[in-house]
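Protein sequences, first through last, are from chains A and B. Positions 51 to 740 (my numbering) are the ones given, in order, by the first sequence. Positions 4 to 161 (my numbering) are the ones given, in order, by the second sequence. This report refers to the structure that appears directly beneath it.
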Amino acid sequence: MKYLNAIIFVFLSLLYLALSSHIKFSTNFIDIFLSQKSLKIFHIAKEFGFSNEILISKKGFDKKSLKELQEVAKELKKIPQISKVEISSKISPKLRKYMAKNYYLLADFNDTKITNTDIKNRLKKIYKSVATSVIYQPINKYDPLELFSMDFQQTSKYQKLKNYGYLIRATTWADTSNAQTARVVYEDIEKLLTKFPGVVAISPFFYLVENSSYIKADAQKIMLISTLLLLLLYFVILKNHKLLFNAILAIASSILSAIILTSFIFDSINILAIVFGVSVTSISIDYMFHYYFHGYFSKSRYSFQKRVFFGFFTTVGVFIIFGFINIDLFKQLAIFSVISLSMAYVLFSFTFIYLDIKKPVIVKQEEAIRRFNPLHVALISLALLAYAFFHLSFDNNLKNLDYHNTKLLNLSKLFNRGLQNNNYQAVIIEAKSRDKLLEKYEKIEASNPAMLGIGKFVLSKKRCEKRVEQISKFDFEKVKKTINQEAKKIGFNDVFKDAYKGIDSLKCKNSLNSAMRFKIIKDKNSYYTLALIPKKSIKSSNLFSIVDLGKSLAKDTREMKEKLQLYMLISVAFIVLVLFFNYGFKMLFPLSFLLFPLSVVLFGISLFGKINIMNIFALVILIAISIDYGIYLHKTSTPSETKMAIKYALMSTFLGFGVLIFSKTVALYSIGFVITLGIGSIFLLLYTSL
Amino acid sequence: MRFIVILALHVALFASSYNFDEYKFVKAVSTEFKNSGHIDVQKDKTVIVYSEPSYKKIVKTDTNVTIEDSSKKLYHLKGRANFYAKTFIGAMTRLGDFSKLKGSSDFDIQKDGNTYFVAFKGDLADQITKAEVYVKDSKVLNFKMFMPNGDTIKIVKK
Numbered sequence: 051m052k053y054l055n056a057i058i059f060v061f062l063s064l065l066y067l068a069l070s071s072h073i074k075f076s077t078n079f080i081d082i083f084l085s086q087k088s089l090k091i092f093h094i095a096k097e098f099g100f101s102n103e104i105l106i107s108k109k110g111f112d113k114k115s116l117k118e119l120q121e122v123a124k125e126l127k128k129i130p131q132i133s134k135v136e137i138s139s140k141i142s143p144k145l146r147k148y149m150a151k152n153y154y155l156l157a158d159f160n161d162t163k164i165t166n167t168d169i170k171n172r173l174k175k176i177y178k179s180v181a182t183s184v185i186y187q188p189i190n191k192y193d194p195l196e197l198f199s200m201d202f203q204q205t206s207k208y209q210k211l212k213n214y215g216y217l218i219r220a221t222t223w224a225d226t227s228n229a230q231t232a233r234v235v236y237e238d239i240e241k242l243l244t245k246f247p248g249v250v251a252i253s254p255f256f257y258l259v260e261n262s263s264y265i266k267a268d269a270q271k272i273m274l275i276s277t278l279l280l281l282l283l284y285f286v287i288l289k290n291h292k293l294l295f296n297a298i299l300a301i302a303s304s305i306l307s308a309i310i311l312t313s314f315i316f317d318s319i320n321i322l323a324i325v326f327g328v329s330v331t332s333i334s335i336d337y338m339f340h341y342y343f344h345g346y347f348s349k350s351r352y353s354f355q356k357r358v359f360f361g362f363f364t365t366v367g368v369f370i371i372f373g374f375i376n377i378d379l380f381k382q383l384a385i386f387s388v389i390s391l392s393m394a395y396v397l398f399s400f401t402f403i404y405l406d407i408k409k410p411v412i413v414k415q416e417e418a419i420r421r422f423n424p425l426h427v428a429l430i431s432l433a434l435l436a437y438a439f440f441h442l443s444f445d446n447n448l449k450n451l452d453y454h455n456t457k458l459l460n461l462s463k464l465f466n467r468g469l470q471n472n473n474y475q476a477v478i479i480e481a482k483s484r485d486k487l488l489e490k491y492e493k494i495e496a497s498n499p500a501m502l503g504i505g506k507f508v509l510s511k512k513r514c515e516k517r518v519e520q521i522s523k524f525d526f527e528k529v530k531k532t533i534n535q536e537a538k539k540i541g542f543n544d545v546f547k548d549a550y551k552g553i554d555s556l557k558c559k560n561s562l563n564s565a566m567r568f569k570i571i572k573d574k575n576s577y578y579t580l581a582l583i584p585k586k587s588i589k590s591s592n593l594f595s596i597v598d599l600g601k602s603l604a605k606d607t608r609e610m611k612e613k614l615q616l617y618m619l620i621s622v623a624f625i626v627l628v629l630f631f632n633y634g635f636k637m638l639f640p641l642s643f644l645l646f647p648l649s650v651v652l653f654g655i656s657l658f659g660k661i662n663i664m665n666i667f668a669l670v671i672l673i674a675i676s677i678d679y680g681i682y683l684h685k686t687s688t689p690s691e692t693k694m695a696i697k698y699a700l701m702s703t704f705l706g707f708g709v710l711i712f713s714k715t716v717a718l719y720s721i722g723f724v725i726t727l728g729i730g731s732i733f734l735l736l737y738t739s740l
Numbered sequence: 004m005r006f007i008v009i010l011a012l013h014v015a016l017f018a019s020s021y022n023f024d025e026y027k028f029v030k031a032v033s034t035e036f037k038n039s040g041h042i043d044v045q046k047d048k049t050v051i052v053y054s055e056p057s058y059k060k061i062v063k064t065d066t067n068v069t070i071e072d073s074s075k076k077l078y079h080l081k082g083r084a085n086f087y088a089k090t091f092i093g094a095m096t097r098l099g100d101f102s103k104l105k106g107s108s109d110f111d112i113q114k115d116g117n118t119y120f121v122a123f124k125g126d127l128a129d130q131i132t133k134a135e136v137y138v139k140d141s142k143v144l145n146f147k148m149f150m151p152n153g154d155t156i157k158i159v160k161k
């Protein structure tokens with residue numbers, strides 16, 4: 051029985067190894083924060099490859115800059131993950147051929163009745179222009195009357211970033227939502243650009259690579275500090291190696307059991323849920339310290355500790371409540387925490403008694419007992435909460451939680467300005483068939499004529515047939531005859547013999563072409579296309595979904611916050627109810643340990659900034675753990691032992707969680723800030739309560 | 004003084020100017036039209052002033068082309084006109100300067116006596132298929148551009 055704790059650990063480790071092929075982890079962080087609706091939109095948008103585009107430019111429109119960029123383009127083509135490199139703004143021969151073939155169907159058609167005199171005057175104008183114009187322009191021998199027009203003119207040979215320089219558009223086929231794959235492409239491009247000083251590049255996945263590296267380095271630094279300080283606490287201050295070794299085994303067993311059982315409930319466990327779940331598990335060290343300082347790790351002294359069970363029950367109760375929330379991350383975290391905390395409670399309560407660890411020597415406090423007045427604390431807390439209520443605002447911009455990458459943010463601004471990206475809004479159009487999709491596109495285009503999309507290249511059957519009918523009503527046979535007769539009289543030779551050739555035999559057979567910038571994709575049973583609508587004219591409509599990661603995240607984060615607020619209120623109500631059943635109207639003292647830290651933290655956040663989703667997440671943890679200390683302290687007969695246990699538990703929690711306050715990553719700092727302030731306020735109560 | 008020397012050197016390095024006669028043959032009307040003017044190639048712009056048959060001043064920069072007529076009214080070219088103007092002025096600038104003939108990725112060159120046969124490549128070939136440049140003592144005397152529709156433009160330096 052002495053090795054029961056170690057045996058359980060070995061058993062769970064073997065079980066984990068046996069089931070490891072079944073256990074799946076997810077590293078997709080965006081899925082956590084987006085609703086199903088938003089996720090679908092971004093999944094489709096990703097299919098269009100817009101997030102895989104890399105933009106490269108160099109300042110200046112001089113020949114030297116152009117030549118250098120042409121060299122870069124040449125080198126880019128050698129990178130295996132790069133699928134397309136474009137520097138020329140010329141339409142591809144394949145697309146040009148397609149457009150020429152379908153010109154009469156796709157171009158705008160002015161079908162105003164035209165007389166013989168109109169034709170004569172138009173041809174005379176052409177002749178005059180040929181004779182007097184100093185700018186050479188070849189005669190349009192196919193459409194001399196300019197009945198058809200298409201806003202599709204090339205103004206420059208090369209792609210340009212307005213007011214900056216020439217531009218390369220490269221595309222990678224690699225999965226850039228995966229940090230590892232994205233890093234390979236990123237490093238290849240970075241390596242290439244070191245040979246070309248002054249050449250700048252940007253792509254959405256650059257943020258993923260650069261920021262994740264920074265956050266990783268930051269987290270590693272914090273973890274190192276945390277580990278060193280925890281080792282200092284256990285080895286130098288507690289000086290009990292046996293306790294440390296067994297506590298590590300117990301926590302590891304709790305984590306393993308939580309991973310194994312959670313994997314049976316969910317298809318995959320998000321790595322963030324595991325990281326935070328592991329941190330929550332470390333809270334169970336409270337139970338260990340309480341037993342240790344009271345000398346219960348000996349079979350002879352063991353007795354059931356109602357307070358520890360009560361503390362465990364309230365903490366687990368809060369996580370059970372959060373298990374019902376329909377936010378995957380919190381659901382996974384809550385279930386993980388319920389399992390790991392339960393396992394830790396069982397291990398610390400029932401296996402550590404066989405370890406026969408002696409009670410440490412505790413110097414009893416001689417000073418007179420000073421106990422805070424819970425009513426005063428409640429009043430102060432309510433005042434702080436009232437201040438926070440009127441001054442606290444929610445920061446729903448998840449980008450603010452990320453590392454502030456000034457270099458990439460400035461580059462993004464430069465490219466967005468030059469491409470005038472801010473003038474267009476990307477939208478997704480969905481329909482059950484390809485033709486219905488095109489019809490929907492045309493309906494949207496009717497109210498947004500400057501819209502860009504697949505409809506510029508392909509027409510719906512209905513629209514195409516309408517155009518064919520429109521052309522057939524225009525007597526082109528007669529027009530062609532008149533053009534050739536009048537042209538000869540004016541002085542032209544047979545230059546217009548091919549005018550409007552083939553216009554009488556048009557067929558609605560225009561099909562998709564791989565050279566088109568816009569595409570139609572099929573996903574499951576629906577067809578989708580991505581279009582760009584000028585922001586000036588866009589009005590929300592149920593015909594399309596707006597693709598704006600920032601706005602979707604903000605909307606989903608707001609909804610997430612509202613759900614979390616509701617569940618936090620239910621949790622607090624649960625704790626109050628449990629306390630009331632146990633202590634009746636004397637519950638104000640233990641309740642102070644929940645109310646005071648919560649109000650101090652909210653007050654602190656309202657003083658220093660806005661509350662974000664990570665603050666709320668940390669508040670859930672704070673609510674779950676803080677009440678334990680009130681329960682342990684309430685009418686304790688062993689104040690010195692209890693105080694010592696809480697002191698070490700708080701120090702342990704600070705070293706595990708609170709050290710995040712030293713992080714430069716806002717998301718981690720936000721958790722650290724809440725836990726540190728919460729722990730600080732519990733310490734304050736602790737030193738005024740005994 | 005030093006500033007003036009640098010300025011003079013700068014002008015000599017980046018600028019070239021000459022008077023010319025332009026013979027434009029339009030196949031559609033089987034007629035050749037003649038214009039006369041002066042071209043001034045500067046570092047950041049090209050200015051062409053036609054004096055005959057009527058005054059027209061064309062200014063081409065990296066992004067724009069403008070035309071000024073005898074009434075001093077200024078027109079900014081757009082779309083197709085802007086595209087063709089930029090293409091042909093660009094070609095005139097390069098074909099008229101012997102030093103710019105060699106080492107271009109836009110065309111291949113073959114020499115026969117004093118004539119250089121230029122075959123355009125890539126995007127340019129859609130507008131100008133080929134050109135013939137007559138050179139004497141490393142100086143371009145005249146050049147002729149051939150269009151895909153059979154039109155030609157010949158520039159004779161004066």
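Glycine included, each C-beta is placed from N, C-alpha and C at the ideal position.
Is N171(A) helix, strand or coil when you go by DSSP?
In this structure, N171(A) counts as helix in the three-state DSSP scheme.
For the region 539 to 561 of chain A, enumerate the residues whose C-beta is nearer than 8 Å to any C-beta of chain B, in chain order.
For the region 539 to 561 of chain A, which is checked against every Cβ of chain B, the residues closer than 8 Å are G541, F542, N543 and V545.
Under a three-way DSSP split, which group does T726(A) fall into?
Correct three-state label for T726(A): helix.
Restricting to Cα atoms, I'd like to know which of G345(A), L629(A), I305(A) and A428(A) is closest to I389(A).
Taking only the C-alpha atoms, the option nearest I389(A) is I305(A).
Under the three-state reduction of DSSP, which class applies to T66(B): helix, strand or coil?
T66(B) falls in the coil class under three-state DSSP.
With 7 Å as the C-beta to C-beta threshold (strictly closer), list the residues of the region 137 to 150 of chain B near chain A in chain order.
So the close ones are M150.
Between Y186(A) and chain B, is there a C-beta pair that is closer than 8 Å?
So yes, Y186(A) belongs to the interface.
Where does M200(A) land, buried or exposed, given buried means 16+ other C-beta within 10 angstroms?
Answer is exposed; the Cβ neighbour count stays below 16.
Give the residues of chain A in contact with A88(B), contact being defined as C-beta atoms less than 7 Å apart.
Within 7 Å Cβ-Cβ: I185.
Counting beta carbon pairs with one atom in the region 222 to 235 of chain A and one in the region 173 to 190 of chain A, are three or more of them shorter than 8 Å?
Verdict: no, contact absent.
Quick check: what's the CA-CA separation for L299(A) versus L458(A)?
If you take the alpha carbons of L299(A) and L458(A), they lie about 44 Å apart.
So, is the C-beta of R83(B) closer than 8 Å to a C-beta in chain A?
Interface residue, yes.
V180(A) versus chain B: which residues are under 9 Å apart at the beta carbon?
The answer, in chain order, is K27, V29, A31, V32, T34 and F36.
From Y578(A), L616(A) and N213(A), pick the residue whose C-alpha is nearest to that of G110(A); which is it?
Measuring from the Cα of G110(A), the nearest candidate turns out to be N213(A).
What does D158(A) pair with, by DSSP beta-bridge criteria?
S199(A), per the DSSP bridge assignment.
Identify whether Q355(A) lies in helix, strand or coil by the three-state DSSP scheme.
The answer is coil: DSSP assigns Q355(A) none of H, G, I, E or B.
Short of 6 Å in beta carbon distance, which residues of its chain neighbour I663(A), apart from the five on each side in sequence? Order them along the chain.
T607.
S101(A) and F255(A) look like a contact to me (Cβ under 8 Å); what is the Cβ gap, rounded to whole Å?
About 7 Å; that satisfies the 8 Å criterion.
Considering only the alpha carbon of each residue, which of T90(B), D115(B) and S20(B) lies closest to L208(A)?
Here the sequence assigns Tyr to residue 208(A), which means Leu is not the residue at that position. Closest option to Y208(A), Cα to Cα, is T90(B).
So, at 6 Å on beta carbons, what are the nonlocal neighbours of S649(A) in its own chain, with the 5 sequence-adjacent residues on each side left out?
Contacts found: S431, L434 and L435.
Looking at the secondary structure, which residues open and close the alpha helix (DSSP H) in which K97(B) lies?
Checking the sequence shown, residue 97(B) turns out to be Arg, not Lys. G82 to L98 is the extent of the alpha helix (DSSP H) around R97(B).
Taking CB distances under 8 Å as the criterion, tell me whether F111(A) reaches chain B.
Output row for F111(A): interface = yes.
Residues of chain A with CB under 8 Å from N152(B), in chain order?
Near N152(B) (Cβ distances below 8 Å), the residues of chain A are P188, I189 and K191.
Should G40(B) and Y26(B) be called a contact, given that it needs their Cβ atoms to be closer than 8 Å?
Result no, Cβ atoms of G40(B) and Y26(B) do not sit closer than 8 Å.
Buried or exposed: F667(A), going by 16 or more other Cβ atoms within 10 Å of its Cβ?
Result: buried.
Strictly under 8 Å for the Cβ-Cβ distance: is Y177(A) near chain B by that measure?
Cβ-Cβ to chain B under 8 Å: yes for Y177(A).
Put A476(A) into one of helix, strand or coil per three-state DSSP.
Three-state DSSP puts A476(A) in a strand.
Helix, strand or coil, according to DSSP, for I141(A) in the structure here?
In this structure, I141(A) counts as coil in the three-state DSSP scheme.
Going by C-alpha distance, which of T715(A), S739(A), L62(A) and T738(A) is nearest K271(A)?
Here the closest residue by C-alpha is T715(A).
Per DSSP, which one or two residues make a beta bridge with D111(B)?
Paired residues: A122(B).
At what residues does the alpha helix (DSSP H) containing R513(A) begin and finish?
First-last of the alpha helix (DSSP H) with R513(A): K511 to K523.
Per the DSSP calculation, D378(A) is bridged to which residue(s)?
Answer is none; D378(A) lacks a bridge partner.
When you compare the CB of F123(B) with every CB in chain A, is at least one pair closer than 8 Å?
It does not: the Cβ of F123(B) has no partner Cβ on chain A nearer than 8 Å.
Can the beta-carbon of N296(A) be found less than 8 Å from the beta-carbon of L391(A)?
The answer is no: Cβ separation not under 8 Å.
With a threshold of 7 Å, establish whether the CB of D193(A) neighbours any heavy atom of the ligand GDP.
Absence of the ligand GDP is noted for the structure shown, with no ligands found whatsoever.
Please state whether DSSP places N22(B) in a helix, a strand or coil.
DSSP places N22(B) in strand when its eight states are reduced to three.
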